[in-house]
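Chemist: First the structure, which I've put down as structure tokens, then a few questions once you've had a look.
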Amino acid sequence: MPDDLLDRLRRFHDHTFPGVQDTFEHLVKDGQHPTILFIGCSDSRIVPYLLTGTGPGELFIIRNVGAFVPPYDGSAGYHGTAAAIEFAVLTLEVAHIIVCGHSHCGGIRALYEEVPPEAINLRAWLELGREAVLPVQVTEEALCRTEQRAIVLQLERLMGYPMVRGRVEAGRLALHGWHYVLEDGEVHVFDVKSGSFVAAAQALHSGTGPYQPFADGDSGGSGGAPA
Ligand SMILES: [Zn+2]
């Protein structure tokens, strides 16, 4: 049986790597200094480097089902996502955190459907998006709104991390909520002031930057989540 993966590894080493070897040698010698933490859904159609025009060493990436952020308090046990957030903020000192959800998200759709009984971890994980669910019939529009509401929910949960909140309030860290429409190639960025998502083509900034849900008399603590 042909081993396609082995072929790909050899092709990478022999053909692709020579073209980027200098970059990697530099990144090994000087270490990694990414300025952006990218929290994205695991969906195979999201390609963070393609989307942001970045390359090796530029993005610290967390991928999980739904692009969810667990609470800081550690109440849910092991959390690779929470650990990576702490590392990115405290050790790498990133200046930006992007939460990137997307259209046609299976994780969001699963909030409206039955999860296989043996998927006990997935079932628990999906609860991190539960608050975004709308009490309406499932339509494409409802799913889109849920995807966007889930992004805002994760931004709010990020603000529950003391090291995130402190840096955001000090103006050293910006949070960005992105809803990536796969079929359009367009990211709609969350504007915390208007509480809405704006297509990048019309947006005045790349996200909430900085995320200040409690500023300007917005005391609701909802971050202006879209309805
Ligand atoms: Zn997804």
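Read in order, the letters of the sequence shown are residues 13 to 239 in my numbering. Note that beta-carbon positions come from the ideal geometry of N, C-alpha and C, so glycine has one too. Just so we're clear, the structure is a prediction, and the values are computed from it rather than from any experiment.
Following a CB-centred definition, is residue 156 positioned closer than 7 Å to any heavy atom of ligand 1?
Modeler: No; taking the cut-off as 7 Å, the Cβ of residue 156 has no heavy atom of ligand 1 nearer than that.
Chemist: Can you give the beta carbon distance from residue 49 to residue 97, rounded, assuming they're within the 8 Å contact cut?
Modeler: Contact holds; Cβ gap of about 7 Å.
Chemist: Does the beta-carbon of residue 15, which I'm using as the reference point, lie nearer than 7 Å to any heavy atom of ligand 1?
Modeler: The answer is no for residue 15.
Chemist: Between the Cα of residue 110 and those of 61, 25, 167, spot the shortest distance and give me the residue it belongs to.
Modeler: When each option's Cα is compared against that of residue 110, the closest is 167.
Chemist: Using 7 Å as the cut-off, classify the Cβ of residue 200 as near or not near the heavy atoms of ligand 1, replying yes or no.
Modeler: No, the Cβ of residue 200 stays beyond 7 Å of every heavy atom of ligand 1.
Chemist: Check whether the Cβ atoms of residue 193 and residue 201 lie closer than 8 Å to each other.
Modeler: No, Cβ-Cβ distance for residue 193 and residue 201 is not below 8 Å.
Chemist: Are there 16 or more other CB atoms within 10 angstroms of the CB of residue 21, so buried, or fewer, so exposed?
Modeler: Residue 21 is exposed by the Cβ-count criterion.
Chemist: Given this structure, state the Cα-to-Cα distance separating residue 80 from residue 140, to the nearest angstrom.
Modeler: Roughly 6 Å between the two C-alpha positions.
Chemist: Buried or exposed for residue 188, going by 16 or more other Cβ atoms inside 10 Å?
Modeler: Residue 188 should be labelled buried.
Chemist: Assuming residue 39 contacts residue 14 under a Cβ cut-off of 8 Å, what Cβ separation, rounded to an integer in Å, is found between them?
Modeler: At roughly 33 Å, the Cβ-Cβ gap does not stay under 8 Å, so residue 39 and residue 14 are not in contact.
Chemist: Nearest-angstrom Cα distance between residue 58 and residue 52?
Modeler: Taking the straight line from one Cα to the other gives about 8 Å.
Chemist: Any chance you could list the alpha helix (DSSP H) runs of at least 4 consecutive residues sitting entirely within the segment 106-180, in chain order?
Modeler: With a minimum length of 4 residues, the continuous alpha helix (DSSP H) runs that stay inside the segment 106-180 are 118-121, 132-138, 152-170.
Chemist: Strictly closer than 5 Å from CB to any heavy atom of ligand 1: give me those residues in the order they appear in the chain.
Modeler: Those residues, listed in chain order, are 53, 55, 117, 119.
Chemist: Quick one: give me the first and last residue of the beta strand (DSSP E) that residue 22 is part of.
Modeler: Residue 22 -> not in any beta strand (DSSP E); alpha helix (DSSP H) instead, spanning 16-23.
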